[in-house]
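Undergrad: Attaching a single structure in structure tokens format; questions to follow.
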């Protein structure tokens with residue numbers, strides 16, 4: 774296994790460990806793109822998610838964000854950061870910043886998709902955002918939305934003829 | 774009038790010329806923030822829009838984007854850029870890039886608001902996005918959404934106690 | 774010729790028209806990377822520049838920025854934007870914003886390379902920045918620096934083992 | 774003390790704890806701006822640094838980055854992230870991403886200043902970047918450069934008449 778393959782595998786393992794499957798992210802891609810790409814299958818959506826997860830910037834953001842979620846869950850961050858992340862405080866924007874480094878990988882056309890699902894919170898995003906006691910997904914929900922938005926952008930680049938002008 | 778005041782006035786004039794009132798942007802701010810800040814008035818929303826329009830980065834983006842819309846409307850851009858902007862082509866992301874330079878002024882917490890209204894297109898955004906023949910608002914609709922998102926972020930910074938954790 | 778090939782060719786033509794060769798950008802890449810990748814050849818540097826120019830985000834930024842330079846040169850922008858771009862005014866940052874959409878294509882590791890050559894201005898960047906009467910390269914110098922920084926990032930991703938820790 | 778004042782104080786304390794004084798950052802601002810603003814004093818430079826440190830986005834980035842440096846120093850991060858941060862690996866760009874959220878606070882004109890000092894590494898930046906055994910400043914050196922670049926941008930906005938066109 775090369776170092777690149779090891780980082781890719783590790784990123785997949787981290788998502789699995791935190792309860793996020795490729796299929797769950799693929800369903801977010803479907804939510805974003807099925808109205809633009811009529812014949813899109815969940816398989817194609819998942820394939821694009823997997824390609825996004827091969828990008829080093831995406832792996833960096835996922836590793837760093839999930840690390841901070843886990844440390845906050847274990848109460849191992851210094852105050853006041855511990856409380857800010859544990860509470861998913863509104864004025865803390867580092868989670869959005871990491872998410873944007875993911876979306877950016879396929880250019881600015883993914884920005885609105887990310888913002889949209891982050892507010893509407895379909896599928897897995899609602900679950901991640903449930904704020905159950907003892908479980909902290911402050912970074913993870915933004916990361917997952919961003920991976921889906923990036924995969925949707927990748928699909929849009931591959932099917933320019935199907936893009937709606939208003940998109 | 775100082776140079777700063779002249780640029781501010783010019784930015785207001787450009788928005789008026791293109792059919793966008795401060796009130797219309799203020800209503801977008803209400804749409805984004807009234808569920809978080811219960812007593813928010815349209816007057817306060819508009820006041821925050823006006824403060825956003827004092828920022829030089831915002832003025833730069835508005836002047837440049839509206840200039841490109843107007844030149845495209847007059848058919849004075851070179852091909853293929855003329856057609857790309859006239860058609861609001863899906864893979865052209867410079868409009869989103871300019872919008873993000875506006876949102877960024879109050880930090881990353883505005884990213885999701887911008888993405889959200891850009892997809893939902895409430896109020897003036899639906900009108901700007903109607904793609905009527907001869908009228909080109911490829912940049913303007915993104916700029917207006919971004920100004921509203923920035924004003925919403927400014928309000929959020931001013932009322933941290935009212936912010937929802939999930940925001 | 775597909776639409777993609779046409780946009781790529783058009784981007785090359787625009788750079789040529791404005792006096793920027795692939796070799797000149799390749800030399801900027803050499804300037805940035807030869808201390809990290811000892812056997813780097815100008816040919817490899819140019820090859821990476823050409824790959825960067827295949828990205829749609831890069832083409833969008835180049836087309837839009839050069840269009841604004843040319844319109845300013847012809848005196849066809851509205852005031853005060855005409856004067857702001859003609860004078861390359863310090864507080865106008867849209868040129869940097871477009872440049873960053875190029876750098877971003879290969880992730881955040883290109884940010885510092887871009888900033889560095891933009892200040893040091895080696896090779897073609899000094900020439901573009903000479904502010905000769907009647908010639909306006911307000912956008913072009915930033916675009917060219919950004920293309921070189923993106924190509925350098927691409928090389929860094931391809932040679933992780935050669936990367937200096939301090940980079 | 775309000776919550777805002779507490780976060781501001783905490784940010785100052787963290788910088789002090791990690792060996793970075795306001796004066797050291799002020800000297801970086803002098804390095805960047807004294808050629809543009811001839812009468813600039815170190816006192817004014819430091820004053821602008823202090824104002825930058827009042828911004829919530831800046832505080833978020835400083836708290837998060839220093840936390841990750843400290844945890845890496847204590848060996849408390851999971852592998853491979855522990856090693857990536859401990860080694861300041863070239864393809865890990867989250868440090869640059871946090872730095873950019875700081876620079877962005879005063880707009881895109883600060884991008885090049887940040888890139889420039891990050892490569893030239895004047896003053897405190899050389900010290901932070903010495904990679905002494907047992908000491909990890911992977912995030913801190915980028916954060917400090919970004920705070921200086923943001924303060925320089927703030928000064929540029931306050932003195933538009935002194936800005937060089939080529940800046």
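Residue numbers (my numbering), protein chains in the order written: chain A, 774 to 940; chain B, 774 to 940; chain C, 774 to 940; chain D, 774 to 940.
From the three backbone atoms N, C-alpha and C, an ideal C-beta is built for every residue, glycine too.
1. So, is the C-beta of residue 830 of chain C closer than 7 Å to a C-beta in chain A?
2. Looking at the structure shown, is residue 846 of chain C part of a helix, part of a strand, or coil, going by DSSP?
3. Three or more C-beta pairs under 8 Å: does that hold for the stretch 787-801 of chain D against the stretch 915-928 of chain C?
4. At a Cβ threshold of 7 Å, is residue 891 of chain A touching chain B?
5. Name the residue from B/861, B/878, B/928, B/896 whose alpha carbon lies nearest to the alpha carbon of residue 838 of chain B.
6. Compute the beta-carbon to beta-carbon distance between residue 804 of chain B and residue 890 of chain B, rounded to the nearest angstrom, for a pair I have assumed lies under 8 Å.
7. Could you please give the first and the last residue of the uninterrupted alpha helix (DSSP H) stretch that includes residue 868 of chain C?
8. Taking 7 Å as the CB-CB limit, is residue 886 of chain D close to chain B?
9. With DSSP collapsed to three states, give me the class of residue 774 of chain C.
10. So residue 870 of chain A and residue 871 of chain D are supposed to be a Cβ contact under 8 Å. How far apart are they, rounded?
11. Going along chain B, which residues have a C-beta under 8 Å from residue 874 of chain D?
12. Beta-carbon of residue 866 of chain B versus every beta-carbon of chain A: anything under 7 Å?
13. Classify residue 791 of chain C as helix, strand or coil using the three-state DSSP reduction.
14. State the DSSP-derived secondary structure class of residue 813 of chain B, mapped to helix, strand or coil.
15. Per the contact definition of three or more C-beta pairs closer than 8 Å, is the stretch 874-891 of chain A in contact with the stretch 847-856 of chain A?
16. Counting contacts by CB-CB distance shorter than 7 Å, is residue 854 of chain C in contact with chain B?
17. So residue 876 of chain D and residue 883 of chain D are supposed to be a Cβ contact under 8 Å. How far apart are they, rounded?
18. So, do the stretch 909-916 of chain B and the stretch 838-848 of chain B have three or more beta carbon pairs nearer to each other than 8 Å?
19. Distance check for residue 811 of chain A and residue 789 of chain D, CA to CA, integer angstroms please.
20. Where residue 847 of chain C and residue 831 of chain B are concerned, what is the direct C-alpha to C-alpha distance, given to the nearest angstrom?
21. Please report the distance separating the alpha-carbon of residue 825 of chain B from that of residue 782 of chain D.
22. Check whether the Cβ of residue 870 of chain C lies closer than 7 Å to any Cβ atom in chain B.
23. Can you pull out the residues from the stretch 896-925 of chain A whose beta carbon lies closer than 9 Å to at least one beta carbon of chain D?
24. Is it buried or exposed for residue 928 of chain B, if we count other Cβ within 10 angstroms and need 16 for buried?
25. For the alpha helix (DSSP H) containing residue 901 of chain B, list its first residue and its last residue.
26. At 9 Å on the CB atoms, spell out the chain D contacts of residue 806 of chain A, in chain order.
27. Look at the Cβ atom of residue 915 of chain D, then the Cβ atom of residue 901 of chain D, and state whether they are nearer than 7 Å.
28. Cβ atoms of residue 835 of chain B and residue 784 of chain B: under 7 Å apart, would you say?
29. Short check: CB of residue 801 of chain B to CB of residue 880 of chain B, under 7 Å?
30. Between the Cα of residue 920 of chain B and those of B/866, B/859, B/823, B/865, spot the shortest distance and give me the residue it belongs to.
31. Give the DSSP-derived three-state secondary structure of residue 883 of chain C in the structure shown.
32. What does residue 929 of chain A reach in chain B if we use C-beta pairs closer than 9 Å?
33. Output, in chain order, the set of chain A residues within a Cβ distance shorter than 7 Å of residue 877 of chain C.
34. Is the Cβ-Cβ distance between residue 878 of chain B and residue 828 of chain B less than 7 Å?
35. Suppose you measure from the CA of residue 918 of chain C to the CA of residue 807 of chain B; what does that come to, to the nearest Å?
TA: Based on what the coordinates show:
1. yes
2. helix
3. no
4. yes
5. B/861
6. 7 Å
7. 867-876
8. no
9. coil
10. Here residue 870 of chain A really is in contact with residue 871 of chain D; their C-beta atoms are around 7 Å apart, less than 8 Å.
11. 880, 881
12. yes
13. coil
14. Coil, per DSSP.
15. no
16. yes
17. About 4 Å separates the CB atoms of residue 876 of chain D and residue 883 of chain D; that is less than 8 Å, so the two are in contact.
18. yes
19. 57 Å
20. 25 Å
21. Spanning the two alpha carbons is a distance of roughly 28 Å.
22. yes
23. none
24. Classification of residue 928 of chain B: buried, given that the 10 Å Cβ count is 16 or more.
25. 897-901
26. Going along chain D, no residue has its Cβ under 9 Å from residue 806 of chain A, so there is no contact; the nearest lies around 26 Å.
27. 7 Å or more divides the Cβ of residue 915 of chain D from the Cβ of residue 901 of chain D.
28. Cβ distance < 7 Å, so residue 784 of chain B and residue 835 of chain B count as in contact.
29. no
30. B/823
31. If DSSP states are grouped into helix, strand and coil, residue 883 of chain C belongs with the helices.
32. The contacting residues are 863, 864.
33. 877
34. yes
35. 44 Å
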